[in-house]
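Engineer: Quick one: the structure is below, questions incoming.
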Amino acid sequence: MPLCFNTVADYLEAARQMADAGRPTLARLLAEEAADRVSDAAESARILNEFPGSSLRQEDSP
Numbered sequence: 920m921p922l923c924f925n926t927v928a929d930y931l932e933a934a935r936q937m938a939d940a941g942r943p944t945l946a947r948l949l950a951e952e953a954a955d956r957v958s959d960a961a962e963s964a965r966i967l968n969e970f971p972g973s974s975l976r977q978e979d980s981p
């Protein structure tokens, strides 16, 4: 069954699954995406604190 990401909860569930599977980098990236999708800064920080690590995202150059 393909993964479907429509909500913050979908990203968080996938992040937790990746963390449980020993894939912390992928878990962090999924958590960052979830954090980007919430409007509350405190909730965003809480999500990122649950999945420690530095961002590995590459931003597009202008």
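Numbering (our numbering), first residue to last: 920 to 981. Glycine included, every Cβ here is placed at the ideal spot set by N, Cα and C.
1. Which residue wins for smallest C-alpha separation from E969, given the options A953, F924, L975 and T926?
2. Report the rounded CA-to-CA distance for T944 versus A934, giving the unit in angstroms.
3. Under 8 Å by Cβ, that's how I've got E951 and L931 pegged, so tell me the actual separation to the nearest angstrom.
4. Using the beta-carbon count (16 or more within 10 Å), is R976 buried or exposed?
Structural biologist: In terms of the structure at hand:
1. A953
2. 9 Å
3. Not a contact, Cβ separation roughly 11 Å.
4. Result: exposed.
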